[in-house]
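Notes follow the structure.
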Amino acid sequence: MSEQLAKTYDPKAFEEKIYQHWMEKDFFKADANSEKPPYSIVLPPPNITGQLHIGHALDHTLQDILIRWKRMQGYETLWQPGTDHASISTEVKVVEKLKKEEGLTKKDVGREGFLERAWSWREEYGRKIVSQMKKLGNSCDWSRERFTMDEGLNEAVTEVFIRLYEKGLIYKGNRIINWCPSCRTSLSDAEVDHHDKKGNFWHVKYPIKDTDEFVVIATTRPETMLGDTAVAVHPEDKRYQHLIGKVAILPLLGRELPIIADEYVDQDMGTGALKITPSHDPNDFEIGLRHNLEQILVLDEEAKVNERGEQYNGLDRYEARKAIVKDLETGSFLLEVKEHDHSVGQCSRCTTVVEPITSEQWFVKMESLAKPAMDVVNNGDIQFVPDRFSKTYLNWLENIRDWCISRQLWWGHQIPAYYCSECDEIMVSKEAPTQCVKCGSADVVQDEDVLDTWFSSALWPFSTLGWPEDTKELEKFYPTDVLVTGYDIIFFWVVRMAFSGLEFMDKIPFKHVLVHGLVRDAEGRKMSKSLGNGIDPLEAIEEFGADALRFTLITGNTPGNDMRFHLERLESSRNFANKLWNATRFVLMNNEDAVEKYEDVKEHLNTMDYWIISRFNQVVRDVTENMDRFELGIALQKIYDFVWNEYCDWYIEFSKSRLYGENLEEKKVDYENFQLTFEELDYDVQKKRISLQIPIDSKDKFV
RNA sequence: GGGACAUUAACUCAGUUGGGAGAGUGUUAGCUCGACAAGCUAAAAGUCGCAGGUUCAAGUCCUGUAUGUCCCACCA
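Residues in the first sequence are numbered from 93 upward in steps of one, following our numbering.
Next up, the structure:
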């Protein structure tokens, strides 16, 4: 009799020890010089903004299962871990902390002081998240841990920026962008969420110069009229033919506005006449370019009216709206007000309503990059699981617009562009130039802005392996085998990794993209801090164990679909872990005469032994097939069924008669049901050409 | 406006190539039998959203439809 195990499994007593053992033995270390075939996964780097949430737990568990499975199959596996600096999110957090703890603002402490605090934030939270991932049981190669702002990755980012710039794929331009007046930075289109909001349609009379006529314009944002530089109608609109080429007078400010004709105008929308505000509306911006209209920016970085707004200068955009509407009314310019719902863009970080404004920003030209990224999905080099997400991916790329990559933030990769204060020459280079290449002035300053956080994440599959150096890691582990991620970041991340990999490595970054859904609460709501309905994976681990949590997340979940998280399922998962524990306990309690080698026992195998062996082999085959198809939930269910319903309920029960010599009838074993099982067994065993004698009718003990 | 997904037992969900309707939880009845009451043995429980179609055969394929969820879009 070997040592007696406790009656119930206590994860807390083992998980940490086992993990330590794994680490000490270097089980997760990847060897780039290995002869074994490679299998690699890059971990989507968690943000350093806070702690691990249940979505990470799902994402990581899927990867951990895949990587461990391949490791056991004899592959040289690399699970590359790391964390993401999460530019805007982290900056927002650090600003909050600064205010709360020191009562200071960004400006008070200055760029250097701010970055110092951001780095200490990163130290604290980066470490915390890594320790949480270890608690989850992630079998990453921690010796290779990276950070999107570590030295090597900085170099990769700079290299990419310079290469794209030199290729003409990065440009600086005055474009209309999304501006968050609260974060005071530009945002990419993907960082803006659109929500329907109740609003009004204000019908405003714009008088026609030197006539008694006027044209009525419907607008949802009267305050932007301060920046109007034209009025547009459809070239074929019969109502307005006579006005084209004439001049309208902007109410309140009295500015003269040319009346132009443009195909964009929808005759059925509003009044069919459109005010054009090139600096504050994306469509108007385009129209403005076509007609060479002046751009008048009337809002500042806090979305307050600037001096171009004359008497409204200093008002917040909403105060300005009220004031303008009131003045329009007083001046009899306001014809009517109708209720109207329209979609409003909000900052995905802070939910402030985003303001479209014209601004000088850096962009990545997307057209030529998008094409090959679409090709590799169309021709099947990259496969989505489930496949429907390739549509999401392709659809996004088909309608891609240039990517605004500059952010007016401090935490991130500062743009490697330098300006000559004398002649405004732009220089893009790795090191700061000591003097202007054009005029020789030594007065050279670096661009203040940082890059969009996704600019560095886009390089993750190869930057973490040492690019731009030519490393053996790249040779061995690139392209990676599968990327596991949620459908919510296909646009942000998957697309950008795809075109970056193709552009700089000339190879796809991964062969499969395994997409999972969101983990929702029991009512199906998104988990969020404001609702307080989040389930902390660490609390779940504390109470039920990491295996129970992982089992819960994988079973009953299929690729691409959201799942609801019920605490009861954690219990049943824990029960399964306990079942395994007790099966082991039973074996250990009875292994006095255990033999080590199959050869020593094969003469003595009985029906039950053959049965369980054949079932085991079949389950291994089935499970492997499911795993190959990324059907982890089904695979795990099959293991569960085998262990519980076949191994424990039948094999162990029957083995008791052999061990204790008990009468089966007394044990109340259900012969009838067993007979059914045996018929199935017969089939299995026949396939394996094992001849059997089945003493079904025997009520004697099985020997 | 475009697109995706969901709809199967009381609840949460599986169901891979068309042929058995399943699991966990819950419910009911009976079990302190040397692994496990976090357990065991049973039971009840579903016209697989609705309507058509293809097929010898449809939860599974096709068409339409209802309801819900989500994503994309520069709808003044």
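Backbone N, C-alpha and C define an ideal beta-carbon position, used for all residues, glycine too.
Coil, strand or helix - residue i by DSSP
| i | result |
| --- | --- |
| residue 277 | strand |
| residue 313 | coil |
| residue 350 | strand |
| residue 553 | helix |
| residue 757 | Confidence in residue 757 is poor, its pLDDT being 46 and thus under 50, which makes the residue's placement unreliable; the coordinate value appears in the next sentence. Note: residue 757 maps to coil in three-state DSSP. |
| residue 289 | strand |
| residue 496 | strand |
| residue 182 | helix |
| residue 421 | helix |
| residue 457 | coil |
| residue 452 | strand |
| residue 368 | strand |
| residue 747 | helix |
| residue 709 | helix |
| residue 334 | helix |
| residue 169 | strand |
| residue 230 | coil |
| residue 176 | strand |
| residue 665 | helix |
| residue 252 | helix |
| residue 411 | helix |
| residue 108 | helix |
| residue 573 | strand |
Beta-carbon gap between residue i and residue j smaller than 8 Å
| i | j | result |
| --- | --- | --- |
| residue 672 | residue 715 | no |
| residue 752 | residue 675 | no |
| residue 504 | residue 235 | no |
| residue 608 | residue 574 | no |
| residue 140 | residue 113 | no |
| residue 374 | residue 464 | no |
| residue 130 | residue 568 | yes |
| residue 461 | residue 591 | yes |
| residue 558 | residue 566 | yes |
| residue 497 | residue 544 | yes |
| residue 629 | residue 228 | yes |
| residue 800 | residue 207 | Because the chain spans 93 through 795 in this model, residue 800 falls outside it and cannot be assessed. |
| residue 698 | residue 101 | no |
| residue 166 | residue 128 | yes |
Neighbour-count burial assignment, residue i, 16 or more Cβ in a 10 Å radius
| i | result |
| --- | --- |
| residue 230 | buried |
| residue 119 | exposed |
| residue 467 | exposed |
| residue 257 | buried |
| residue 266 | exposed |
| residue 356 | exposed |
| residue 426 | buried |
| residue 241 | buried |
| residue 224 | buried |
| residue 549 | buried |
| residue 376 | buried |
| residue 533 | exposed |
| residue 202 | exposed |
Distance between beta carbons of residue j and residue i, contact taken as under 8 Å
| i | j | result |
| --- | --- | --- |
| residue 388 | residue 321 | 6 Å |
| residue 296 | residue 273 | Not confirmed; about 24 Å, so no contact. |
| residue 722 | residue 651 | 6 Å |
| residue 542 | residue 499 | 5 Å |
| residue 343 | residue 423 | 6 Å |
| residue 371 | residue 319 | 5 Å |
| residue 484 | residue 238 | Not quite, the Cβ-Cβ distance comes to about 28 Å (not below 8 Å), so this is no contact. |
| residue 324 | residue 379 | 6 Å |
| residue 84 | residue 600 | In the structure as shown, the chain starts at 93 and stops at 795, and residue 84 therefore has no counterpart that could be examined. |
| residue 469 | residue 133 | In fact, because the Cβ distance is near 19 Å, the residues do not count as touching under 8 Å. |
| residue 353 | residue 299 | Not quite, the Cβ-Cβ distance comes to about 19 Å (not below 8 Å), so this is no contact. |
| residue 531 | residue 517 | 7 Å |
| residue 514 | residue 535 | 6 Å |
Open item on the list: Under 8 Å, with one C-beta from each stretch per pair, do the region 408-424 and the region 380-397 reach the 3-pair mark?
Closed with: Judged by pairs of C-beta atoms under 8 Å, the region 408-424 touches the region 380-397, as three or more such pairs exist.
- [ ] Decide if the region 637-657 is in contact with the region 146-158; the criterion is three or more beta carbon pairs, one per stretch, under 8 Å apart.
- [x] Segment contact: the region 637-657 against the region 146-158, three or more CB-CB distances shorter than 8 Å; contact assigned.
TODO: Tell me, please, whether the region 283-295 touches the region 430-446 by the rule of three or more beta-carbon pairs shorter than 8 Å.
DONE: The answer is yes - the region 430-446 touches the region 283-295, with three or more Cβ pairs under 8 Å.
- [ ] Tell me, please, whether the region 585-603 touches the region 478-492 by the rule of three or more beta-carbon pairs shorter than 8 Å.
- [x] Cβ pair count under 8 Å is three or more, so yes.
Task: Given 8 Å, three or more beta-carbon pairs between the region 360-374 and the region 302-314 - done: yes
Task: the region 154-171 touching the region 120-129, judged by at least three CB pairs closer than 8 Å - done: yes
TODO: Would you check if there are 3 or more beta carbon pairs closer than 8 Å linking the region 517-530 to the region 202-216?
DONE: no
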